[in-house]
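For reference, the structure is listed below as structure tokens.
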Amino acid sequence: MRNKQIQSAQQNLVPVSRQAATEGIVLLKNEQHALPLSDNDVVSLFGRCQIDTYRSGTGSGGAVNVPYAISALDGLEAHPAITLNAELATTYRRWVDAHPFDDGGGGWAAEPWFQEEMPVTSTLVSEAAQNSTKAIVFIGRTAGEDQDNDDQPGSYRLTSQETQMLVEVCRHFDCVIVVMNVTNIMDMSWLETLEGYESIKAVMFSWAAGMEGGDALADVLSGTESPSGRLTDTIAYQLEHYPSSANFGDKRRNVYQEDIYVGYRYFETFAPQHVQFEFGFGLSYSEFSKRVLDFCVEGEGAKAALHVDIEVTNTGDRFSAKEVVQLYVEAPQGKLGKPARALVAFDKTLKLAPHTSQVLHLVVPIDRLASYDDSGVTGHKSCYLLEEGEYRFYLGGSVRQAQPIDETWCLTNLLVIEQLQEVCAPIEPIERLKPGQMNEHGVYETRYEVAPKRTVCMRERIEANQPREIAQTGDVGLKLGDVKSGKASLEAFVGQLSADQMAILVRGEGMCSPKVTPGTAAAFGGVCDSLFEFGIPTAAAADGPSGIRMDSGHKATQVPIGTLLGCTWNRELNQQLFNLIGQELRANQIDTLLGPGINIHRHPLNGRNFEYFSEDPFLTGMMASAQTLGLHQAGVSGTIKHYAANDQETARVDVDSVMSERALREVHVKPFEMAVKLGKASTIMTSYNPVNGHWAASNYDLNTTLLRKEWGFSGIVMTDWWAKMNHPISAGEESKTYTSYMLRAQNDLYMVVENDGAQRNAMEDDTLAALESGALTLAELQRSAMNICRFILNAPVMERPLTAYEPIKRFKAKIQEEITTAHPVDVPMELGASQNIELDVVVEKAGIYQCQAVMKYSRDALAQSSCSLYIDDEFSMSLAINGTGGKSVRVDGLQVQLEKGQYHLSIDFVKPGAEIETLTFKLS
Numbered sequence: 058m059r060n061k062q063i064q065s066a067q068q069n070l071v072p073v074s075r076q077a078a079t080e081g082i083v084l085l086k087n088e089q090h091a092l093p094l095s096d097n098d099v100v101s102l103f104g105r106c107q108i109d110t111y112r113s114g115t116g117s118g119g120a121v122n123v124p125y126a127i128s129a130l131d132g133l134e135a136h137p138a139i140t141l142n143a144e145l146a147t148t149y150r151r152w153v154d155a156h157p158f159d160d161g162g163g164g165w166a167a168e169p170w171f172q173e174e175m176p177v178t179s180t181l182v183s184e185a186a187q188n189s190t191k192a193i194v195f196i197g198r199t200a201g202e203d204q205d206n207d208d209q210p211g212s213y214r215l216t217s218q219e220t221q222m223l224v225e226v227c228r229h230f231d232c233v234i235v236v237m238n239v240t241n242i243m244d245m246s247w248l249e250t251l252e253g254y255e256s257i258k259a260v261m262f263s264w265a266a267g268m269e270g271g272d273a274l275a276d277v278l279s280g281t282e283s284p285s286g287r288l289t290d291t292i293a294y295q296l297e298h299y300p301s302s303a304n305f306g307d308k309r310r311n312v313y314q315e316d317i318y319v320g321y322r323y324f325e326t327f328a329p330q331h332v333q334f335e336f337g338f339g340l341s342y343s344e345f346s347k348r349v350l351d352f353c354v355e356g357e358g359a360k361a362a363l364h365v366d367i368e369v370t371n372t373g374d375r376f377s378a379k380e381v382v383q384l385y386v387e388a389p390q391g392k393l394g395k396p397a398r399a400l401v402a403f404d405k406t407l408k409l410a411p412h413t414s415q416v417l418h419l420v421v422p423i424d425r426l427a428s429y430d431d432s433g434v435t436g437h438k439s440c441y442l443l444e445e446g447e448y449r450f451y452l453g454g455s456v457r458q459a460q461p462i463d464e465t466w467c468l469t470n471l472l473v474i475e476q477l478q479e480v481c482a483p484i485e486p487i488e489r490l491k492p493g494q495m496n497e498h499g500v501y502e503t504r505y506e507v508a509p510k511r512t513v514c515m516r517e518r519i520e521a522n523q524p525r526e527i528a529q530t531g532d533v534g535l536k537l538g539d540v541k542s543g544k545a546s547l548e549a550f551v552g553q554l555s556a557d558q559m560a561i562l563v564r565g566e567g568m569c570s571p572k573v574t575p576g577t578a579a580a581f582g583g584v585c586d587s588l589f590e591f592g593i594p595t596a597a598a599a600d601g602p603s604g605i606r607m608d609s610g611h612k613a614t615q616v617p618i619g620t621l622l623g624c625t626w627n628r629e630l631n632q633q634l635f636n637l638i639g640q641e642l643r644a645n646q647i648d649t650l651l652g653p654g655i656n657i658h659r660h661p662l663n664g665r666n667f668e669y670f671s672e673d674p675f676l677t678g679m680m681a682s683a684q685t686l687g688l689h690q691a692g693v694s695g696t697i698k699h700y701a702a703n704d705q706e707t708a709r710v711d712v713d714s715v716m717s718e719r720a721l722r723e724v725h726v727k728p729f730e731m732a733v734k735l736g737k738a739s740t741i742m743t744s745y746n747p748v749n750g751h752w753a754a755s756n757y758d759l760n761t762t763l764l765r766k767e768w769g770f771s772g773i774v775m776t777d778w779w780a781k782m783n784h785p786i787s788a789g790e791e792s793k794t795y796t797s798y799m800l801r802a803q804n805d806l807y808m809v810v811e812n813d814g815a816q817r818n819a820m821e822d823d824t825l826a827a828l829e830s831g832a833l834t835l836a837e838l839q840r841s842a843m844n845i846c847r848f849i850l851n852a853p854v855m856e857r858p859l860t861a862y863e864p865i866k867r868f869k870a871k872i873q874e875e876i877t878t879a880h881p882v883d884v885p886m887e888l889g890a891s892q893n894i895e896l897d898v899v900v901e902k903a904g905i906y907q908c909q910a911v912m913k914y915s916r917d918a919l920a921q922s923s924c925s926l927y928i929d930d931e932f933s934m935s936l937a938i939n940g941t942g943g944k945s946v947r948v949d950g951l952q953v954q955l956e957k958g959q960y961h962l963s964i965d966f967v968k969p970g971a972e973i974e975t976l977t978f979k980l981s
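Following our numbering, the numbering of the sequence shown begins with 58 at its first residue and continues without gaps.
Listed below in structure tokens is the structure:
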């Protein structure tokens, strides 16, 4: 039954994933009607990514084992309206077969960012040009966790091979189409400098579009679908033009000197001349007109909202297409300073046939126009407010194309929206950007001011908000199911738990815990017998956000990367897609997806940008809310991450993100706030890095003051895997063992200790020691226990049968007569292997055997490798390991009950990288 549910969920996902991939493709250039391809076109494809098409990035955000993947060549060949140069395609296939894809050994995040290209000779291209009318050149890039991009060829820039390929193709073809199969924006200045660039008539970003990417690309190239994707980032001419470039990549202290002026908010205010392709830009095969039908204000004061009705008409004659409507505000500069443009609303039409229209209704709550005063310069410190003056609105297809509408909104007096309190202010002086005088071209001079430092006493804040202790009763017979049915309160239930039991409850186990769906990222909740006896089941968390990662080798659907999904500008489609992902999660008995990722594209070199949506906080928040709401409607949760300011991978566990409170609130945590308030998010993952000196996992203002008190969040907060914490008051030294600091900040769950390590405190954390010394109160521990139990009460795991974990799997030998040629199971098997293994073993004495392996992995401690052990083709266990720096360590697998006889063992390196030196089954 479960396999049928999985199959049904995957079948339902496929067409929606393909539609999402189609709608996220961004067409940046289309001269002389190069696209769509016509019936008379014969197309030559260049670039190995036509075959080795990137479908995601690397690391935990992209590691999905897929049932299939459709390459660009597969999709184009299968499309009935596209004719390819078959001879050239065969040449590429033969070359790729002889020059296999370099996966860096297959290890976690080990894949290089680019691949070697087939040498392209003048003869080859000349012959192709004689047999075809147009050329498509594929440029491919991946990126991922724990490593940023570089401003070098093969990363942000083209390689010499790619440049030579483009030049040669442009020399022989009059119509060249460039397809960017990439996970992030990259340097595009070569479009105006490359030798023969005049031949490049069309450029599109197809991104990394999941396992349906090839079919989606064919849909757009053929004209079956008109492109409707729009950029969610600014593409500048030079990398140094991005305002964060001066500070990005520092390994100790990353100063957010650009403040709120990230991406287009900077360029449109200070440097429009540096923009090659602006935020929100994207072409269609059709044309559209937009007309404001109505503009009015409903409500009064802080509760008012602007309502705008816009008629969108497809004015083309040939193509049905979708259009994105974008509304921007220009707020008065006032005393605070504002961006010249800020996105405040958007929507996407249905597919409109030629000469048909649709009216879109945009609603802009007044509070969406507000700015945060962290200095008191307006006379209202720690407030969201609107300064007096004229608010102008711009409507269009991009931030640059948007034109002023006739109606404006005037505010005669300053309007306070919300009185809050200071949070997360910097503890050291920093300068931040602010607009100066405007010149005759409407561009502001750059000025700097000192951001306000922290004035709050964190000790007083924490002590004033101590939770109430619940009387401990011991076991009075209440089960968690009694709380679910309304027979008991959550407080009464948690009052039964001892301090030891709660200390176990706040520890997650993994990776690849055998207590939950094989190969997933973590198990938490009832991870030991004493917690299970209270009726607490064990919940499962799986990596995302582009699909379910199961390092057991089990298959799942891989959907497009976050950047592509942002480029759809389609909230309803994102919600539908993630509702279906939620159904696949449920079918696999997984309770939360570790996604979506909603950090800001602060800089193009961030290696993990592909998991995130945009440089804009509002667009990010709307997309995140749509996805978390879709998951919520499916009965599962999305764990929004990484909270907060995880905007570079270089030194990501150490580098301090130093910023003003205004930048934090208006840009870097705004998407999280929106996902909580609009998207019903119930799980959050904190980031590795400190924010203004306090590591995120133990940052009281992030996890309690903002998240719970201001935003009303009542779910759970978990750390990133093997995170560090420091003192929530005095900051200082950090450690993975400081879970008491984590709990005081109200980060509830430490992720992760090794399997079966929660009960014995395998990491030797300080929860109980701090409780005994008074550094942590019982009430604080109970508070996190309640948060975890509250989440489990509403998770799918409470609907599944409550079954005890069986640590011993039983196997019956298919061949029971004595065999002497097979290896004795209880004698160490010298393997020395890092690739898949097949071997026969013999069991002379029936009994329970403990599997043990000696393994090593040359990567650092955050890297992960996993292999699956099968006995007679039946999955038995995962052997997972983190990087050991090349040191050999013992890895304990599970116990298995084996009868006398012969067995066939197979080891599948699902996530390669590690080496198994020896494997042994010891009789217990």
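By construction, the Cβ of each residue, glycine as well, lies at the ideal position given by its N, Cα and C atoms.
- Using a Cβ-Cβ distance cut-off of 8 angstroms, the stretch 712-719 and the stretch 668-677 are not in contact, since fewer than three pairs of beta carbons, one from each stretch, lie closer than that value.
- Taken through DSSP and simplified to helix, strand or coil, Ile-872 comes out as strand.
- Bridge partners of Gln-907 according to DSSP: Gln-952 and Lys-979.
- Leu-888 places its beta carbon 8 angstroms or farther from that of Leu-955.
- Per DSSP, Cys-440 is one residue of the beta strand (DSSP E) stretching across 440-443.
- At a cut-off of 3 residues, the continuous stretches assigned as beta strand (DSSP E) that sit fully inside the stretch 327-383 are 332-334, 345-355 and 362-371.
- As the crow flies, the alpha-carbon of Leu-759 is around 12 angstroms from that of His-699.
- In this structure, the CA atom of Leu-721 is about 8 angstroms from the CA atom of Lys-727.
- For Cys-846, the uninterrupted alpha helix (DSSP H) run begins and ends at 835-850, by DSSP.
- Taken atom to atom, the span from the alpha-carbon of Phe-403 to that of Val-733 is near 20 angstroms.
- At the C-beta level, Ala-599 and Leu-651 come within 8 angstroms of one another.
- For the stretch 453-489, there is no continuous alpha helix (DSSP H) assignment of 4+ residues that stays within its boundaries.
- Two segments are said to touch when three or more pairs of C-beta atoms, one from each, lie closer than 8 angstroms; by this definition the stretch 308-321 does not touch the stretch 346-358.
- When C-beta atoms of the stretch 80-92 are compared with those of the stretch 167-181, fewer than three pairs fall below 8 angstroms, so the two segments do not count as touching.
- If the five residues before and after Leu-407 are omitted, its C-beta is found closer than 8 angstroms to the C-beta atoms of Lys-379 and Gln-415, all from its own chain and listed in chain order.
- Shown here for Leu-634: same chain residues with a beta carbon closer than 8 angstroms to its own, the five before and five after excluded, namely Leu-70, Val-73, Ser-74, Ala-77, Val-616, Leu-622, Gln-684 and Gly-687 in chain order.
- Under a 10 Å Cβ-count criterion, His-498 is classified as exposed, with fewer than 16 other Cβ atoms of the shown protein chains found around its own Cβ.
- Around the C-beta of Asn-142, 16 or more other C-beta atoms lie within 10 Å, and the residue is accordingly described as buried.
- Apart from the 5 residues on each side of it in sequence, Pro-853 sits with its Cβ closer than 7 angstroms to the Cβ of Arg-643, Asp-648, Gly-692 and Val-693 in its chain, given in chain order.
- DSSP places Tyr-323 within a helical segment (H, G or I) once states are collapsed to three.
- Listed as beta-bridge partners of Asp-897 by DSSP are His-961.
- The stretch 240-249 and the stretch 89-109 do not touch, with fewer than three beta-carbon pairs separated by less than 8 angstroms.
- Closest option to Phe-338, judged by alpha-carbon separation, among Val-456, Leu-828, Ser-981 and Glu-488: Val-456.
- Using a C-beta cut-off of 8 angstroms, the stretch 811-820 makes no contact with the stretch 835-855, since fewer than three inter-stretch Cβ pairs fall below that distance.
- Beta-bridge partners assigned by DSSP to Arg-504: Lys-491.
- Between Gln-803 and Thr-761, the beta carbon gap of about 4 angstroms places them in contact (Cβ cut-off 8 angstroms).
- One thing to note: Gln-390 has its Cβ no nearer than 8 angstroms to the Cβ of Pro-509.
- Spatial neighbours of Lys-871 in its own chain (CB-CB distance under 7 angstroms, excluding positions within 5 residues in sequence) are listed in chain order as Asp-929.
- Here Thr-435 is actually not in contact with Leu-490; their C-beta atoms are around 19 angstroms apart, not less than 8 angstroms.
- Gly-433 and Ser-439 have their C-alpha atoms spaced approximately 7 angstroms apart.
- Assigned with DSSP and collapsed to three states, Cys-514 falls in coil, not helix or strand.
- Phe-336 places its beta carbon less than 8 angstroms from that of Gly-320.
- For Glu-444, the closest C-alpha among the options Val-421, Val-953 and Ile-474 is that of Ile-474.
- Counting along the chain, Cys-624 sits inside the alpha helix (DSSP H) bounded by residues 619-624.
- Excluding its 5 nearest sequence neighbours in each direction, Asp-159 has C-beta neighbours in its own chain below 8 angstroms: Glu-168, Pro-169, Gln-172 and Glu-173, listed in chain order.
- One Cα belongs to Asp-207, the other to Arg-309, and the distance between them is close to 18 angstroms.
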